Each structure stands twice: as C-alpha cells, then as structure tokens.
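Chemist: Structure below; questions to follow.
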C-alpha cells in the first residue's frame, strides 16, 4: 500500500518537473522592444572625411578674410572727398560734417569711414539739419572716393537773430550761417528778428506774405537812395508790421497787408512837402493806416 502511494507521488513530481521544464523552455519576444532594438542597430555614425573638413575650414577662413578686407582694410577707407558746390557755404564746413560722420561707427563695430558702410542718408540728414539745399547728391567711387554735389537755395534775405546772421531764401528757409563782416554791402534785405519766436529746424519764424512784402519793399526803397537808405527791416510781436531802420533817420512803420508802393509814396510825400529837412530828426513815421500818416 505504501509502495503504491509512493509511486503515485513520484509520478506527480516528475510531471511537475517536466511541466516546469517545458514551460521555462519557451521564449517570449516583445515586438515593441524588438523594433526599438532594430532601430538602434540600424543607426550609423557618419564620419566626415578629412578632406571635407579641410574644405570647410578653408571656406570659413576665406570668408572671414574677405569680410575683413572689404570692411576693415585701409584699401576701402575713404581718403578722397570731392565737393561740388558753387554756393556760399565754405568747403571746410562741408568737409567737417563728412569727417564727423567718418569718425563714427554704426552698431559700435561698423566704421563709417569704410566706402561700403558710409551712409549717404546719414550725411544728407546732417547737411539738411545745418543748411538748406535745393538738391543733394552723394556718390561713391571705388575704392575710396566720396563725391558730394550740392545745389544751394538762392539767397534772398539775411536773417539776424540773437547776434547771429544767416542767409535765407524767399520761403523763409535758413541756408547757412554767416558773420557781420561778410554781409557788408550785400544786396539782400537784413531782417532783424526781435519777436518772441525764434528760428527752429532751419526755418525763420515769419509769415510768407510778410517775407514777400519785405523783399519787395527792400527793392522798392533801393530806388530812392538819394532820399534815404534802409539799413534793416525789423519784425517784432506787432501783428502785420515791419519797421524799416533808416540810416541817420526815423523808423518807418509799414503795414505788411497793405500796398508797399502806396505806403512808400506817402513817406516820400510827407518828407518832401511837410517835414523836409526835419524828416531825419523824427523818431518814427507811421504810414500803416490808409490815407493817414503819424509821426513823432
């Protein structure tokens, strides 16, 4: 009985061992990891050939050398400046503006002295900020020449303000600064600005109609040099009024909205018929109001 039982137990154990051995002999493959492993195995490191590295290095060196040569070598540094201008602005003043820009940099490290980097627009803005031109033309000629051609506006007046003198055109634009010695005997009306408004952005603070009246009156009075000589034309805060400063004589008050010819005739008439030699002893003569003359 015992032997029979032992045989059954041993047979079960053998079956278990056999089954366990049979189960452990199986292999399971996860398709996800299989693909991933396949990808890793398929990746290959590309080795750049030495001659390709050498070519790339040469290209980089040549590029850096070309940039340095074009932008920083003295070969392309502006050395010759040609200025074409038949106006009154001195060549030295234009050169100073150009040199100021040449000595500056763009973005700190880009020199304006280089013919390629020099800004034509920047120079044009500098010129227009200080002067007034009819036209400005700026050209570059390789390797190192700058050509600046200027056409100044036609002078029409001399503007006097805060002890400074300027040439101006017939529209009120300030063209350039001058000095008291240079304006002597110039055939332009001198306008003394004693008003509270001052010149801004190279523009004189005067109405176009008033300016045209003064220019016309200047030429009108120039025809009567034997009677009196106009030294300057004064504008202040008095509306529609210009005061003519005569040499050794009274100030003449004119209405800029009136007729210059008629007002001039009134001055000549009162000088000839009423005041005569006493004309030059008066402080002022006011012919602003039509058909009336006031003097003191």
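Residue numbers (this note's numbering): -6 to 289. The beta carbon of each residue, even a glycine, is placed where N, CA and C say it ideally should be. All of these numbers come straight from a predicted model, not from anything done at the bench.
Smallest Cα separation from residue 248: which of 262, 232, 261?
Modeler: The count along the chain shown starts at 1 and reaches residue 248 at position 255. For the residues 262, 232, 261, the minimum Cα distance to residue 248 belongs to 232.
Chemist: Check whether the Cβ atoms of residue 221 and residue 235 lie closer than 7 Å to each other.
Modeler: Here the question's residue 221 lines up with position 228 in the chain shown. Here the question's residue 235 lines up with position 242 in the chain shown. Their beta carbons are not under 7 Å apart, which means residue 221 does not touch residue 235 by this criterion.
Chemist: Going by DSSP in three states, residue 223 sits in which element: helix, strand or coil?
Modeler: If you number the chain shown from 1, residue 223 lands on position 230. In the structure shown, residue 223 sits in a strand (DSSP, three-state: E or B).
Chemist: Starting from residue 165, trace the alpha helix (DSSP H) both ways and give me its first and last residue.
Modeler: As a first step, residue 165 must be located in the chain shown, where it is residue number 172. Careful: residue 165 lies outside any alpha helix (DSSP H) and carries neither H nor E.
Chemist: For residue 125 versus residue 183, is the C-beta spacing smaller than 7 Å?
Modeler: Looking up residue 125 in the chain shown gives position 132. Looking up residue 183 in the chain shown gives position 190. No; because the gap between Cβ atoms is not below 7 Å, this pair is not in contact.
Chemist: Pick out the complete alpha helix (DSSP H) segments inside the segment 228 to 271, 4 residues or longer, and give them in chain order.
Modeler: Segments of the alpha helix (DSSP H) lying fully in the segment 228 to 271: 253 to 263.
Chemist: By how many angstroms is the C-alpha of residue 106 removed from the C-alpha of residue 95?
Modeler: Taking the first residue of the chain shown as 1, we reach residue 95 at position 102. Taking the first residue of the chain shown as 1, we reach residue 106 at position 113. Each residue's Cα considered, the two are about 4 Å apart.
Chemist: For residue 16 and residue 39, I'd like the C-alpha separation in whole angstroms.
Modeler: Counting from 1 along the chain shown, the entry for residue 16 is found at position 23. Counting from 1 along the chain shown, the entry for residue 39 is found at position 46. At residue 16 the pLDDT is 48, less than 50, meaning the model places this residue with poor confidence and gives no usable figure here.
Chemist: Tell me the DSSP secondary structure of residue 141 in three-state form.
Modeler: Counting from one through the chain shown, the residue named residue 141 turns up at place 148. Reduced to three states, the DSSP call for residue 141 is strand.
Chemist: For residue 160, count neighbouring Cβ atoms within 10 angstroms of its own Cβ and tell me buried if that reaches 16, exposed if not.
Modeler: Residue mapping note: residue 160 aligns to position 167 of the chain shown, counting from 1. Buried: at least 16 other Cβ atoms inside 10 Å.
Chemist: Keeping to the same chain, check which residues put their C-beta closer than 8 Å to that of residue 99; ignore five residues upstream and five downstream.
Modeler: Taking the first residue of the chain shown as 1, we reach residue 99 at position 106. Closer than 8 Å at the Cβ level, and outside the excluded window around residue 99, lie 105, 110, 112.
Chemist: Quick check on residue 278: does DSSP put it in helix, strand or coil?
Modeler: Mapped onto the chain shown, residue 278 falls at position 285. Three-state DSSP puts residue 278 in a strand.
Chemist: So residue 71 and residue 137 are supposed to be a Cβ contact under 8 Å. How far apart are they, rounded?
Modeler: Within the chain shown, the letter at position 78 stands for residue 71. Within the chain shown, the letter at position 144 stands for residue 137. Confirmed, Cβ separation roughly 5 Å.
Chemist: Please report the residue range of the beta strand (DSSP E) in which residue 128 lies.
Modeler: By 1-based counting over the chain shown, the position of residue 128 is 135. 126 to 134 is the extent of the beta strand (DSSP E) around residue 128.
Chemist: Using 8 Å as the Cβ pair cut-off and three pairs as the minimum, do the segment 205 to 221 and the segment 169 to 177 touch?
Modeler: Flag = no, the segment 205 to 221 and the segment 169 to 177 do not touch.
Chemist: If we ignore side chains and look at the alpha-carbon of each, how far apart do residue 154 and residue 193 end up?
Modeler: Against the chain shown, residue 154 aligns to sequence position 161. Against the chain shown, residue 193 aligns to sequence position 200. Their backbone Cα atoms lie some 12 Å apart in a straight line.
Chemist: Reducing DSSP to helix, strand and coil, say where residue 56 ends up.
Modeler: Taking the chain shown and counting its residues from 1, one reaches residue 56 at position 63. Three-state result, residue 56: helix.
Chemist: Quick one: using the 10 Å Cβ neighbour count with 16 as the cut-off for buried, is residue 146 buried or exposed?
Modeler: As a first step, residue 146 must be located in the chain shown, where it is residue number 153. It counts as buried.
Chemist: Between which two residues does the beta strand (DSSP E) containing residue 184 stretch?
Modeler: For the purposes of this step, residue 184 is taken as residue 191 along the chain shown, with counting starting at 1. Segment 183 to 186, the beta strand (DSSP E) holding residue 184.
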